[in-house]
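Enquirer:
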Ligand code: ADP
Ligand code: MG
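Numbering (UniProt numbering), first residue to last: 1 to 737.
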């Protein structure tokens, strides 16, 4: 049952652990560190470094999938209900989170060719188009797909044929649709095959330019977006449109990027790659906490795009993927904590009914308009035909179908052409007409024939457009596939029921577990003091163990905080150093007036959350303020001054030539000096940066002041160059005067 009222539901979190791979198996008999209780939805993690006495860590989720889990199980239990909601007009998001190599891509895409191993995305394609083909015929659907990637905090359109050279796209926000990507390509898909092609196209674009696809995919986020619009007549007799948006997200690897020893561009890249994921973590923490008012969605592209999916108008499923190998214990624990936190996020999903930007509505309007135009055309040519027919033949054509109208229109055009041709012949053969008059009449007939053909072409064009437009809309109950296979339908239904049943059972088990702990003591009555002591001791022990668990947890979290804090401090230090270096260059080598010019052109774009350069010419008065080139003086190739005209009239006079040469000479010298200065500046910057990027890092203090350059021999040489440059610039300004 759908309702428009806001109701809250939490983000569903499921955890999946992949099997040990060959390399891990050969590493030793230790086996995996991840155990799963499928019935209870629990993950039990063993710390390979801890003594056996230490209690294992247990986490509970909406569902867990172990190494033996089938793609199909995960889909039916945890994804199918979400896609059903999308088909009913909700927003839905599935994202895969986890360390690189734990099965995010396997879960989202899987192995396409093996039906057993197809992941969430291909199964969702099947699901959506099968649903459409089985729905009632009064429903009309429009399905669109987009595919984008966030890499180094830049949004790239993977369906843009020009992908490699395309600019990064901008994010925008509208009150109706929330945050969206401006100018993102979206492809209308009419079948499973078409949407698969779109997906493949995007995957190829993703691979192009990536030297190592694994490396690339571990550093970028891939978002496949499907919009399903459905129109259906409501009880009021009008067509109502529901729009479901589905985000299928394969996140970058969650492992901590190694930042130690990385500098310059690489450091910035590492910082940027981490940005979206750490922002995602902060958003999840802020939302899960529930107390903090500010949720830092704006901190990254990813969190802005997923704003609705996290704490907003969407139903969300998070699939956290784990590896079972013991060497990844730390990352696995971090992933489990992350996932555990996400469980507490509350969303407010609602059906998107009749939004203003529904494309389906526009399509319907356009189709209606084209049909009206076509009908009008056909009616017109039919009228003409009847006029023609009225003269000679006399046959009655009333109440024919559209197809016949079309055929008759074609016939009419043919007849008309023949008639004109005959008339032309007659004119040519007419010996009583003057040649001139003949030509005129023939020309007129030609023109009439041309008009006729144009008319015909326009109609054909219109028909083609109409048909193309109409074919994009999918009508329920036909169009895609035959659904005679009732048996298969029944089978699917049964599978869904079983999945539903499993889910309910698990929920009940989890509830019972919680209740047991709470109510056990209430029911206990003791026959003797001794018994009471025993029972209470047992309970004390249990609680003590729990306390130890929680203490260990606190310690872990603290350690993690300290670690990430240290890393952040290190990044900050290195970025500060970089900044100081830049300041050094600006202060010493950029003339203050140039710097001010640049500073004055900088503006902050709040929409993009970025600093931008203002264009040199103000945009609004571009055309009016641009000086017009004066019209050429009569008789000269280009506008010419009075002085030059006089000069030309005077002939090659020596006085003018000399003065021109003197000016030229001065200019040339100025240019030479400038290029000399530039060359020195570049050399200096190069030397400086060499100094910076030397394996042994230079102390910050030595960079902050030029004074400390007067230390070793190399620096002293630099100092001399600086002196020379300031001298030469004084000299230059002298020359300019
Ligand atoms: P990620 O996208 O998280 O980096 P992949 O999806 O590429 O990881 O998975 C890494 C490898 O593990 C792949 O070879 C994949 O086939 C395999 N794999 C992942 N999950 C499973 C699973 N549940 N069952 C079998 N193989 C898996
Ligand atoms: Mg991957």
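We put the beta carbon where it would ideally sit given N, CA and C, even for glycine. On a predicted model such as this, the values are computed, not experimentally measured, just so you know.
So, residue 738 versus residue 303, is the Cβ gap smaller than 8 Å?
Expert: Because the chain spans 1 through 737 in this model, residue 738 falls outside it and cannot be assessed.
Enquirer: Whole angstroms are fine: how far does the CA of residue 90 sit from the CA of residue 352?
Expert: Position 352 of the chain shown, counted from the start, is the residue given in the question as residue 352. Position 90 of the chain shown, counted from the start, is the residue given in the question as residue 90. If I take the Cα positions, the gap works out to 6 Å.
Enquirer: Shortest alpha-carbon distance to residue 244 belongs to which of 284, 180, 85, 272?
Expert: In the chain shown, the residue the question calls residue 244 occupies position 244. Closest by alpha carbon: 85.
Enquirer: Could you tell me how far apart the beta carbons of residue 155 and residue 179 are, in whole angstroms, since I believe they sit closer than 8 Å?
Expert: In the chain shown, residue 155 corresponds to position 155, counting from 1. In the chain shown, residue 179 corresponds to position 179, counting from 1. At roughly 11 Å, the Cβ-Cβ gap does not stay under 8 Å, so residue 155 and residue 179 are not in contact.
Enquirer: Assuming residue 127 is part of the alpha helix (DSSP H), what are its boundary residues?
Expert: The residue given as residue 127 occupies position 127 in the chain shown. Residue 127 -> alpha helix (DSSP H) spans 120-134.
Enquirer: DSSP three-state label for residue 189, please.
Expert: Here residue 189 is taken as the residue at index 189 of the chain shown, counted from 1. If DSSP states are grouped into helix, strand and coil, residue 189 belongs with coil.
Enquirer: Taking all protein chains shown into account, do 16 or more other C-beta atoms lie within 10 angstroms of the C-beta of residue 544, making it buried, or fewer, making it exposed?
Expert: If you number the chain shown from 1, residue 544 lands on position 544. So residue 544 ends up on the exposed side.
Enquirer: Is any heavy atom of the ligand MG found at a distance shorter than 7 Å from the C-beta of residue 117?
Expert: Your numbering for residue 117 matches position 117 in the chain shown. False, no ligand heavy atom lies under 7 Å from that Cβ.
Enquirer: With C-beta atoms as the reference, is residue 509 less than 8 Å away from residue 40?
Expert: Here the question's residue 509 lines up with position 509 in the chain shown. Here the question's residue 40 lines up with position 40 in the chain shown. Against a cut-off of 8 Å, the Cβ pair of residue 40 and residue 509 comes out as a contact.
Enquirer: Could you check if residue 101 belongs to the surroundings of the ligand ADP, using beta carbon to heavy atom distance under 7 Å?
Expert: Sequence index remark: in the chain shown, residue 101 carries index 101 (1-based). Under cutoff, so the answer is yes.
Enquirer: So, is residue 165 buried or exposed, given that buried needs 16 or more other C-beta atoms within 10 angstroms?
Expert: As a working note, residue 165 is residue 165 in the chain shown. Exposed is the call here.
Enquirer: Excluding the five sequence neighbours on either side, which residues of its own chain have a C-beta within less than 6 Å of the C-beta of residue 12, listed in chain order?
Expert: Along the chain shown, one-based indexing puts residue 12 at 12. Hits under 6 Å: 62, 317.
Enquirer: DSSP on residue 393, reduced to helix/strand/coil?
Expert: Residue mapping note: residue 393 aligns to position 393 of the chain shown, counting from 1. Annotation note: pLDDT 45 at residue 393 (below 50); position unreliable, coordinate value reported separately. Coil, per DSSP.
Enquirer: What separation, rounded to the nearest whole angstrom, lies between the Cα atoms of residue 531 and residue 329?
Expert: Numbered from its first residue, the chain shown carries residue 531 at position 531. Numbered from its first residue, the chain shown carries residue 329 at position 329. Each residue's Cα considered, the two are about 42 Å apart.
Enquirer: Consider the C-beta atom of residue 321 and the heavy atoms of the ligand MG; say whether any pair is separated by less than 7 Å.
Expert: Along the chain shown, one-based indexing puts residue 321 at 321. Checking every heavy atom of the ligand MG against the Cβ of residue 321, none is found closer than 7 Å.
Enquirer: What is the C-beta distance between residue 250 and residue 222, in whole angstroms, given that I count them as a contact (C-beta under 8 Å)?
Expert: Within the chain shown, the letter at position 250 stands for residue 250. Within the chain shown, the letter at position 222 stands for residue 222. Residue 250 to residue 222, Cβ: 4 Å. Contact.
Enquirer: Identify, in the order they occur along the chain, each residue of the same chain with its Cβ nearer than 8 Å to the Cβ of residue 445, setting aside the five sequence neighbours on each side.
Expert: Taking the chain shown and counting its residues from 1, the one referred to as residue 445 is at position 445. Same-chain partners within the cutoff: 420, 423, 424, 427.
Enquirer: Using 8 Å as the threshold, is the C-beta distance between residue 282 and residue 296 below it?
Expert: For the purposes of this step, residue 282 is identified with residue 282 of the chain shown, where counting begins at 1. For the purposes of this step, residue 296 is identified with residue 296 of the chain shown, where counting begins at 1. Yes, the Cβ-Cβ distance between residue 282 and residue 296 is below 8 Å.
Enquirer: When every heavy atom of the ligand MG is checked, does at least one fall within less than 7 Å of the C-beta of residue 105?
Expert: What you label residue 105 is simply residue 105 of the chain shown in a count that begins at 1. Yes, the Cβ of residue 105 comes within 7 Å of a heavy atom of the ligand MG.
Enquirer: Straight-line CA distance for residue 205 to residue 616?
Expert: Taking the first residue of the chain shown as position 1, residue 205 is located at position 205. Taking the first residue of the chain shown as position 1, residue 616 is located at position 616. If I take the Cα positions, the gap works out to 35 Å.
Enquirer: Relative to the alpha-carbon of residue 499, which residue among 118, 46, 17, 73 has its alpha-carbon at the smallest distance?
Expert: Position 499 of the chain shown, counted from the start, is the residue given in the question as residue 499. Nearest C-alpha to residue 499: 73.
Enquirer: Can residue 107 and residue 119 be called in contact, C-beta distance under 8 Å?
Expert: Within the chain shown, residue 107 is the residue found at index 107, counting from 1. Within the chain shown, residue 119 is the residue found at index 119, counting from 1. Cβ atoms of residue 107 and residue 119: closer than 8 Å.
Enquirer: Whole angstroms are fine: how far does the CA of residue 642 sit from the CA of residue 636?
Expert: The residue labelled residue 636 in the question sits at position 636 within the chain shown. The residue labelled residue 642 in the question sits at position 642 within the chain shown. If I take the Cα positions, the gap works out to 12 Å.
Enquirer: May I ask whether a heavy atom of the ligand ADP can be found less than 7 Å away from the beta carbon of residue 18?
Expert: Reading the chain shown from its first residue, position 18 is the one you call residue 18. Residue 18 Cβ: within cutoff of the ligand ADP.
Enquirer: Would you decide whether residue 286 is buried or exposed? Buried here means 16 or more other CB atoms lie within 10 Å of its CB.
Expert: Reading the chain shown from its first residue, position 286 is the one you call residue 286. Looking at its Cβ environment, which holds 16 or more other Cβ atoms inside 10 Å, residue 286 is buried.
Enquirer: Work out the CA separation of residue 137 and residue 338 for me, nearest whole Å.
Expert: As a first step, residue 338 is located in the chain shown; it is residue number 338 there, counting from the start. As a first step, residue 137 is located in the chain shown; it is residue number 137 there, counting from the start. In a straight line, the C-alpha of residue 338 is about 45 Å away from that of residue 137.
Enquirer: I'd like the list of long-range same chain contacts for residue 80, defined as Cβ closer than 8 Å, with 5 residues on each side in sequence excluded.
Expert: On the chain shown, residue 80 is found 80 positions in, with the first residue counted as 1. For residue 80, where only same-chain residues beyond five positions count, the Cβ hits under 8 Å are 127, 496, 499.
Enquirer: Using 8 Å as the Cβ pair cut-off and three pairs as the minimum, do the region 233-243 and the region 194-205 touch?
Expert: No, the region 233-243 does not touch the region 194-205.
Enquirer: Just to confirm the assignment, what range does the alpha helix (DSSP H) spanning residue 461 have?
Expert: Along the chain shown, read from residue 1 onward, the residue named residue 461 stands at position 461. 435-472 is the extent of the alpha helix (DSSP H) around residue 461.
Enquirer: Among 48, 16, 21, 610, which one has its Cα closest to the Cα of residue 327?
Expert: In the chain shown, residue 327 corresponds to position 327, counting from 1. Closest option to residue 327, Cα to Cα, is 48.
Enquirer: Can you tell me the Cα-Cα spacing of residue 100 and residue 596, whole angstroms?
Expert: The residue you call residue 100 lines up with position 100 of the chain shown. The residue you call residue 596 lines up with position 596 of the chain shown. C-alpha separation (whole angstroms): 46 Å.
Enquirer: Extract the residue ranges of the alpha helix (DSSP H) inside the region 1-82, only unbroken runs of 4 or more that lie entirely within it.
Expert: Listed in chain order, the complete alpha helix (DSSP H) runs (minimum 4 residues) inside the region 1-82 are 22-26, 71-74.
Enquirer: Is the beta carbon of residue 230 closer than 8 Å to that of residue 139?
Expert: Numbered from 1 along the chain shown, position 139 holds the residue referred to as residue 139. Numbered from 1 along the chain shown, position 230 holds the residue referred to as residue 230. Yes.
Enquirer: Who are the Cβ neighbours of residue 103 in its own chain at under 6 Å, not counting the five residues just before and after it?
Expert: Counting from 1 along the chain shown, the entry for residue 103 is found at position 103. Result list for residue 103: 18, 321, in chain order.
Enquirer: Let me know the secondary structure DSSP gives residue 153 once reduced to three states.
Expert: Taking the chain shown and counting its residues from 1, one reaches residue 153 at position 153. The answer is coil: DSSP assigns residue 153 none of H, G, I, E or B.
Enquirer: Between the alpha carbons of residue 359 and residue 142, how many angstroms are there, rounded?
Expert: Position 359 of the chain shown, counting from 1, holds the residue named residue 359. Position 142 of the chain shown, counting from 1, holds the residue named residue 142. When rounded, the distance between both Cα atoms is 8 Å.
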